[in-house]
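Trainee:
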Amino acid sequence: MSFVWKYGIVEEENWRFRAAEYLKGITALMLILWLFRGPLKLEKYSEYLVYAIIGLIFAFELLSVGRWFGVTLSGIIFALAKGSFWTSLLLFFGKWLKMSGSLSQHAGTAFAYAVVLAIAGILLAKFDEKKLDIKVEKKAYEFSGADFGDVKLRGSGKAYPVKFGRKSIGWVIDGDVSVEAETPLGRVTKRLLTPVAVWTGERIGGKKTSPDPGFVARVNGLVNPERLYMGRKKSSIIDLGFLKVYEGEGFEYVKLPFIEVIETPGGEEVRVGPIHIREGKPSIPRGEMLTIRELTNGFQLTKVGDRLRIQTDEYSIEVDGERVVYRSGNESLSLGETVSLRSGDVSVTVGRGRAKIRIEDVVISAHEGRVKIRAGGRTYTIEEPEAYRLVISKAKDIVEEQSAELIEGFGIDRTRLSRRVKELLDELMRYLG
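The working numbering puts the first residue of the sequence shown at 359, with every later residue one more than the last.
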């Protein structure tokens, strides 16, 4: 399941960033020339090539300063630290590629510079912290809906860009807005209470229109990270545009400006800048993580790859492909290869060739053509195919019946469930004579 984007990606490129990308390409070319300096008869220029590569590394790192936060002193120091780090790697591994000893012996020094400069950058960042705030711009654009594939925003109003430093990270919408999401449980539709934050790099605003200064002043306080997450219970999903965290069953995803970590049952991948380290075959989400959130209420929808989480004050729905988990209070419904319904001391589970029903002190299970019953402190076994099929069929009926009630917000009907279980017990007792 992939994203179908309706709008182009917002880029904030200027000549420096474009030049930095060109220099990266030239650096790669120079590295290739140095590696094959023997066949190309460039041995006598080996040291000059290394000096040129080092100079290009520092050049493209310095030209890249300000892509996110604007040009700051700490940004320049961090660029020098990164340049020193790449230089240390070049010199360290170069000694195995017959690099001149007078050059490779400085690998440790370059790495030490990288560490010291990184520490200095962290300390100097304190002076730049005011530039790192999330800010809603005093600009407004017409909003008439947005299409994110299985997730759609309907309505009209005004969309205000949100920035972190120099980077556009999302929008805040003021208007009449509703969200639609397609799930295996059906279409979930929710009218949202304005203002609504949309954390995405995609452009959802249309023509420029007049802003409301009062609205901008109010929502600038609402998008404060501490207000959104610090005072709440530990959240398994955090999205601030520049910082994205998603924890689901068997899946973890963390993304910061220069770091990305993905863990799945199939493996994991870590990206630090241009370096990718992969172990196994992790399921890599396609498209960026998207979050739609009410800033003054409890609704939040997050989509990353084929995973979808909808959270409200009353319930939550998590979708992973064809698997769905619905939770409301102490009640839950799980749909997939195995279907289960739980509420306190009540549970109904149906899987391939097996079923189990538990309510208070009564347990009925069916597995491998056999039915076991535990009730009133006694245990009974029935080895009749018809009884086995009866339990499987009744368990499916109970799950379907109760699931509809649960999803509509009524919760599990314990009276009806107790009646269904009693009816099933009465039918099974016939097999016991």
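Glycine residues also receive a C-beta, built at the ideal position from the N, C-alpha and C atoms.
All values derive from a computational prediction rather than experimental measurement.
1. Start and end of the beta strand (DSSP E) containing G544?
2. For a test of the three-state rule: what should DSSP assign to D784, helix, strand or coil?
3. If you run the structure through DSSP and keep just helix, strand and coil, what is G606?
4. When you compare each of V612, L438 and F657 to E419 by their alpha carbons, which one comes out closest?
5. Taking only three categories from DSSP, how would you classify K497?
6. Leaving out five residues on either side along the sequence, give the residues of the same chain with a beta carbon under 6 Å from the beta carbon of I650.
7. Considering Cα atoms alone, identify which of D784, T696 and L748 is closest to T707.
8. Considering only the beta carbon of each residue, do V662 and Y604 sit closer than 8 Å?
9. Let me know the secondary structure DSSP gives K489 once reduced to three states.
10. Short of 6 Å in beta carbon distance, which residues of its chain neighbour P640, apart from the five on each side in sequence? Order them along the chain.
11. The alpha helix (DSSP H) with W392 in it runs from where to where?
12. CB L414 to CB T385, shorter than 8 Å?
13. Would you mind stating whether L653 and V574 have Cβ atoms separated by less than 8 Å?
14. Is it true that the CB of L407 sits closer than 8 Å to the CB of L391?
15. At what residues does the beta strand (DSSP E) containing E652 begin and finish?
16. So, with DSSP's three-state summary, where would you put Y409?
17. When DSSP builds the beta bridges, which residues end up paired with T622?
18. Which term fits M787, buried or exposed, when burial requires 16 or more other beta carbons within 10 angstroms of its beta carbon?
19. Run the CB neighbour count on Y409, radius 10 Å, all protein chains shown included, and call it buried at 16 or more, exposed below.
20. Verify the CB distance criterion: does T660 have a CB-CB separation below 8 Å to chain B?
21. Cutting at 7 Å between CB atoms, please list the residues of its own chain near T567, excluding the five before and the five after it.
Mentor: The answer reads as follows:
1. As a first step, residue 544 is located in the sequence shown; it is residue number 186 there, counting from the start. Run containing G544: G544 to L550, per the beta strand (DSSP E) assignment.
2. Here residue 784 corresponds to residue number 426 of the sequence shown, with the count starting at 1. Note: D784 maps to helix in three-state DSSP.
3. The residue you call residue 606 lines up with position 248 of the sequence shown. If DSSP states are grouped into helix, strand and coil, G606 belongs with the strands.
4. Translated into the one-based positions of the sequence shown, residue 419 becomes position 61. For E419, the nearest C-alpha among the options comes from L438.
5. Translated into positions along the sequence shown, residue 497 becomes position 139. Residue state, collapsed to three classes: coil.
6. For the purposes of this step, residue 650 is taken as residue 292 along the sequence shown, with counting starting at 1. Contacts found: V537, V556 and L659.
7. As a position in the sequence shown, residue 707 is number 349, starting the count at 1. If we check each option's Cα against that of T707, T696 comes out closest.
8. For the purposes of this step, residue 662 is taken as residue 304 along the sequence shown, with counting starting at 1. For the purposes of this step, residue 604 is taken as residue 246 along the sequence shown, with counting starting at 1. Their beta carbons are under 8 Å apart, which means V662 touches Y604 by this criterion.
9. Your numbering for residue 489 matches position 131 in the sequence shown. Any reading at K489 needs caution, since the residue's pLDDT is 49, under 50, leaving its predicted position unreliable; the model's value is listed next. Of the three classes helix, strand and coil, the one that applies to K489 here is helix, per DSSP.
10. Along the sequence shown, read from residue 1 onward, the residue named residue 640 stands at position 282. Excluding sequence neighbours, P640 sits near I620, T622, G624, G625, E626 and E627.
11. As a position in the sequence shown, residue 392 is number 34, starting the count at 1. Segment W373 to L393, the alpha helix (DSSP H) holding W392.
12. Residue 414 sits at position 56 when you count from the first residue of the sequence shown. Residue 385 sits at position 27 when you count from the first residue of the sequence shown. A contact, by the Cβ cut-off of 8 Å.
13. Translated into positions along the sequence shown, residue 653 becomes position 295. Translated into positions along the sequence shown, residue 574 becomes position 216. The answer is no: Cβ separation not under 8 Å.
14. Working through the sequence shown from its first residue, we reach residue 391 at position 33. Working through the sequence shown from its first residue, we reach residue 407 at position 49. Yes, the Cβ-Cβ distance between L391 and L407 is below 8 Å.
15. As a position in the sequence shown, residue 652 is number 294, starting the count at 1. Run containing E652: L648 to E652, per the beta strand (DSSP E) assignment.
16. Taking the first residue of the sequence shown as position 1, residue 409 is located at position 51. In this structure, Y409 counts as helix in the three-state DSSP scheme.
17. What you label residue 622 is simply residue 264 of the sequence shown in a count that begins at 1. G625, per the DSSP bridge assignment.
18. If you number the sequence shown from 1, residue 787 lands on position 429. Classification of M787: exposed, given that the 10 Å Cβ count is below 16.
19. For the purposes of this step, residue 409 is taken as the residue at position 51 of the sequence shown. Exposed, by the Cβ-count rule.
20. The structure shown has no chain B; it contains just one protein chain.
21. As a position in the sequence shown, residue 567 is number 209, starting the count at 1. Excluding sequence neighbours, T567 sits near A498, Y499, E500 and K516.
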